[in-house]
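Residue numbers (my numbering), protein chains in the order written: chain F, 12 to 386; chain D, 732 to 1277.
Where is the CB? At the ideal position from N, CA and C, for every residue including glycine.
Data first, discussion second: the structure below is written as structure tokens.
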Amino acid sequence: MQTPIVLPNSAPLLSRTGWTAFLVVTIVLTACVPALNLWVDPTSAFHMSDFLVALIGKIMCYAICALAMDLIWGYTGILSLGHGLFFALGGYAMGMYLMRQIGLDGNYKSELPDFMVFLDWKTLPWHWTFSGSFAATLVLIVLVPALVAFVFGFFAFRSRIKGVYFSIITQALTFATMLLFFRNETGFGGNNGFTDFKRILDIPIATQSTRMFLFVLTAVTLLGFYLLAKFLVQSKFGRLLQAIRDAESRVMFCGYSPVPYKLAIWTLSAVMCAVAGALYVPQVGIINPSEMSPANSIEIAIWAAVGGRGTLLGPILGAFIVNGAKSWLTMTAPEFWLYFLGALFIAVTLFLPSGVLGLIRKLTTQKSLDKGGAA
Amino acid sequence: MAHKSKTSLICMIQFKNYDIKFLLKYFLLLVIVCATLKPSFAITPEQAKALSVGETDARIQVLQQIIQEPDEKTLVFLQALSDDSVKILDGRAFIVKNNLGIDPITGDSVEVPADAQDVVSNNRMRGELDAALSALRLFSADPKLRLAAVKDLQKDPDAGKLSVLERALKLEQVQKIREQIEIAKSSILLSSEDPGVRLTAAKKLAESHSPDTQLLLNQRLDVESDPQVKIAIQASIKTIVSSLVWGERLGALFTGISLSSILLLVALGLAITYGLMGVINMAHGELMMVGAYATYVIQTFFIHHLSSYFDYYLVVAVPASFLVAALVGAILERCVLQFLYGRPLETLLATWGISLILMQLVRTIFGAQNVAVENPSWMSGGIQVLPNLTLPWNRMLIIVFAACVLLAMATLISKTRLGLFVRGVTQNRPMAACMGVNTARIDTYAFALGSGIAGLAGCALSQIGNVGPDLGQGYIVDAFMVVVLGGVGQLAGTVYAALGLGIINKILEGLTGAVLAKIAVLVFIVVFIQKRPQGLFAVKGRSAET
């Protein structure tokens, strides 16, 4: 008989202050923001502009990606340069549905999306079969990226591809898919992708209330994913992931096969990205193949690195810091944005290996130590 | 004796006979030459007027007439018409050259009246003028011009040119040009009324190995009614196609090798920085861009200050692009990368940041638009190997250049002291340090070397494509694919991988189109790495795992 391994009592999901903060953020995002945007007079100082709502909504989608990246990179040590692919797959699945929702209101007044009329196609291609139904679209948003990630991950992890090799082939895969989506024949609108959406679930998409609903939905998804991720990394599953990150051979010597663990977290991470993409498209109103460019995938990694890898909260913070800085800088000094981003990449890797959150934690513990010393 | 004198007599008679024939022939020739060059047949004022004004149809008719009996002045006048430098007033035509008037009939310079009108030619007239000019060039003294003229005429065969061709054939001495004229004649005769003439023409055209003839034959095949001619045309097409197939095959092979040489140049630098040193250098493409811009700066300097030596600017540009890129590389290594050894994922992010900064820097200095780098004159053009295969000089030189760089680098790594140190440091850093090698300095040198080779690649790319801030972005994925496929730490592997990828890519391009070929190659690499994670040429032994 084997003696069961005694695990230490698992810590609560969040500490007391953690839950309080979580609750406050939830209330702010799901109640205060809608109230300030919808019901406060636009001339008032407390009014939240539509622009700001759209921006925060967009960044929350990015934050979901950063969270997904943290699970696979921060906790499992696998740097994926292909998360832009999953983001785009989710986005395209949603985009197809939104294109069908345009119905007869397109430029050519046809059942078919405008770009197909333009290409002189007579019927929908096979992969558009389920795009008419919202329920099927929801399934596809999860299923397609999950399947792609699972098949790719299965072969990659089984042949023990790791480290930089894995990063480079995920990049190659994303690059190849981008080239494929750029082609008109693939049936995804080529260069222009999908845009000019009119409705979602037969409700006009551009109204303030629809936008607010999408905003709240994104916030709830982000918070839900955060709790899920927190639960996962604190479970035995999560501890194994970290063990794989730190010493994969030892995990194998202990009798675990790392493949199913890596595969599970890889697929989950891909699905999270896809959901983020599906939430992103109706809010931003466009999806095109450039979402799959290598630069976008690497940027996801930098959000996670700036905030602090392996902290869950850090990457979310990082997404807000980097994208906030981006929208501020591209408005005030567009030519400096790339200098800033480049310097950020270098500075974070050189001076902030544990990110902004790591820096804050270091400073606060220093302070409390100083206090303890003084007392 | 008598016998002997008899034979000599016969000989004499025969000789005389021959002489008379020869003289007759010569005389005839002289008459023809005189007919073509004698001033009395020169362009008349009426012809000049008829060529310049009136309905296009009428003008073309005069043109057809005039080229039957051409002379120097006709050529000059037609050329002037084609260049839009003819003016007319009250039925008198003037050639205007460098603001000076020339009388087309006498060739003397005259004052052009201020109210003379420009002669306007429409596109149809222009086409006819060009054809007429090529017809006249058939009698030029330069064989090259004659050959070019025949080829021009052949592209647009019509019955009006037949007599000119026949006249040229009589005068022509060079065998090669004679053949071309025959082929051009056959192209015209292919649409003759007489099936017999068509048949001989169709058979003759099999000797032409040009894609234009193939097109012409195919067009004729669609309207041909005579079964015998049809068979002859089909046979000729077959012959031409089979001779063209080789050109196409060799062409695909050449572009494949050309792409391979570029991939090799791009990947060689990466083989050092990534393969030997383990730095995931995402800024490699931007180092190439730095090299390309260094070439641009040198080129611009030569244009402005040393324009007479412009053809030799590459002599300066090649070392300059190496040095500038190497310097940038050395600075990067000292300031950023030396703190990141052993953390490959971090180097990936940091070098990506560096690439963003370098790109933006170039945009700030040179602007976001592409800049033009001109080839030196000896690099433009190419040699025609087969009728449908021309090898451009710049691509051939890049192949040679890539081979030279490869050779130099292989020598440097395997034969020199620096190469020994680089290998030592990559294989066992602490041991190399114990032996007294300054490992930090070797790292800097090695990185600078890799960057310098990237600069050379940029210099080569500037000769065949656009130079812009995004130059490197397009190559970085490909370069990593080459290094990964070849096996990390292997120069030979990099060479084979570059050759293989380049040729496979171009062959697939012929079958499926450029984008699908690229996707197929990427998918192939992804699958290949699943099977052989260490690349084509795996390092064997203990160090393979680390």
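Cβ neighbours of S178/F within its own chain (closer than 6 Å, five residues either side excluded): L90, L92. T1026/D counts as buried, since no fewer than 16 other beta carbons sit within 10 angstroms of its beta carbon. Setting aside the 5 residues that flank it on each side, C284/F is surrounded in the same chain by C76, A79, H94, F97, F98, each with a C-beta closer than 6 Å to its C-beta; the list follows chain order. Secondary structure of Q1115/D (DSSP, three-state): strand. Residues of chain D with a Cβ closer than 8 Å to the Cβ of A316/F are, in chain order, L1080. For the segment 285–365 of chain F, the continuous alpha helix (DSSP H) assignments of 4+ residues that do not extend past its boundaries occur at 305–318, 324–343, 348–362, in sequence order. Nearest neighbour of P776/D by Cα position, chosen from D788/D, V793/D, T787/D, turns out to be V793/D. Remark: C-beta atoms of L809/D and L782/D approach each other more closely than 9 Å.
Under the Cβ criterion of 9 Å, Q1261/D is counted among the residues facing chain F. Of all residues in the segment 173–189 of chain F, only G174, V175, Y176, S178, I179, I180, Q182, A183, L184, F186, A187 place a beta-carbon less than 7 Å from a beta-carbon of chain D. Taking CB atoms only, A312/F has a neighbour in chain D less than 9 Å away. Contacts with chain F at 9 Å (Cβ-Cβ) include P1075/D. Between the alpha carbons of D883/D and F1041/D lies a gap of roughly 33 Å. The three-state reading of DSSP puts G200/F in coil, since its state is none of H, G, I, E or B.
For V359/F, the nearest CB of chain D lies under 9 Å from its own CB, placing it at the interface with that chain. Each residue's CA atom was taken as its position, placing Q294/F and V51/F some 22 Å apart. Taking C-beta atoms under 8 Å as the contact rule, E1064/D and F1178/D qualify, at a distance of about 4 Å.
Of the candidates S871/D, E913/D, Y1044/D, G1022/D, G1022/D places its Cα closest to the Cα of V1055/D. Sixteen is the threshold: when 16 or more other Cβ atoms of the shown chains lie within 10 Å of the Cβ of D1209/D, as they do, the residue is buried.
In the DSSP assignment, R823/D falls within the beta strand (DSSP E) that extends over 823–828. Going by DSSP, L1001/D is part of the alpha helix (DSSP H) stretching over 958–1001.
Under the 9 Å criterion on CB atoms, K1237/D is classed as non-interfacial with respect to chain F. Leaving aside the five residues that flank Q965/D on each side, the residues in its chain whose CB is nearer than 8 Å to its CB run, in chain order, L952. For K120/F, no alpha helix (DSSP H) encloses it, and the DSSP letter there is neither H nor E. Look at L921/D here: in three-state DSSP terms it is coil, with no helix or strand label. If you compare the alpha carbons of R823/D, E859/D, N829/D with that of P844/D, the shortest gap goes to R823/D. Burial check for M1166/D: the Cβ neighbour count within 10 Å stays below 16, so the residue is exposed. Counting along the chain, V817/D sits inside the beta strand (DSSP E) bounded by residues 817–820. Judged by DSSP in its simplified three-state form, Q848/D adopts strand. Cβ neighbours of A1251/D within its own chain (closer than 6 Å, five residues either side excluded): L1239. Between D1201/D and Q1069/D, the beta carbon gap of about 28 Å keeps them out of contact (Cβ cut-off 8 Å). In this structure, the alpha-carbon of V1131/D lies about 12 Å from that of S991/D. Contact with chain F is absent for T1225/D, since none of that chain's Cβ atoms lies less than 9 Å from the residue's Cβ.
In the DSSP assignment, G1060/D falls outside any beta strand (DSSP E) and within the unbroken alpha helix (DSSP H) covering 1044–1066.
Straight through space, the alpha carbons of L920/D and G927/D are spaced by roughly 10 Å. With a cut-off of 8 Å on Cβ pairs, the segment 313–326 of chain F is in contact with the segment 229–249 of chain F, counting three or more such pairs.
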